[in-house]
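Novice: If you read the sequence shown in the working numbering, its first letter stands for residue 506, the second for the next number, and so on.
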Amino acid sequence: MNHSAGENHTNDLYAPLSAEMRQKLAKCEETKTIASGTRLISHGIPPAYLFIINSGSVEVSLPSLARHITVAVAGTGKVFGLHALVSGELPRLDVTSLEDCVVTMIPKEKFAGILRENPQIYFAIAKVLSQDLKMADELLRRIPRAAGGSRRAQGQKSN
């Protein structure tokens, strides 16, 4: 089964790109089926690939001292490793397959070469990273503010 993100531009990164840009990226792609429970991105470890989910779903989680906290479940069309590959920062999240998934992988070095030769791709990257920030903002807004509220209440009691 050969799924190519270059041929199917329904993923978050490829959608806003020109057909020519998608073809350049497609030449670097490796498509693979990964087993359930496979860690694609590990916090604190530089990713070797940009990952695009073609089918299946993954859990995005934030490691903490006690356990992993699920931030989101993502599926077809989602892109992972982009922030780390572009910024050079280590990932802060883990991404693990919840089921067998078909993924497109672009090796870090090949992706970096495409970025150097085609700076116009940064507009698409900015769009994906903006979507990630929006998701993080929405997640933070859903977290109960009980801890902050109780501190204010305690402060008012002591006055």
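C-beta: ideal position from N, C-alpha, C; glycine also.
(1) Would you kindly work out how many angstroms separate the C-alpha atoms of residue 616 and residue 646, rounded to a whole number?
(2) For residue 600 and residue 541, what's the separation of their Cα atoms in angstroms?
(3) Please work out which residues of its chain come closer than 8 Å, Cβ to Cβ, to residue 588, disregarding the five sequence neighbours upstream and downstream, and give them in chain order.
(4) I think residue 574 touches residue 562, with their Cβ atoms under 8 Å apart; what is that distance to the nearest whole Å?
(5) According to DSSP, is residue 622 part of a helix, a strand, or is it coil?
(6) Count the other CB atoms, across all protein chains shown, that sit within 10 Å of the CB of residue 602; report buried if there are 16 or more and exposed otherwise.
(7) Within 10 Å of its beta-carbon, does residue 585 have 16 or more other beta-carbons around it, so buried, or fewer, so exposed?
(8) Restricting to Cα atoms, I'd like to know which of 622, 626, 570 and 583 is closest to residue 606.
Specialist: In brief:
(1) 34 Å
(2) 12 Å
(3) 594, 596, 634 and 637
(4) Wrong, their Cβ atoms sit about 17 Å apart, outside the cutoff.
(5) helix
(6) buried
(7) buried
(8) 583
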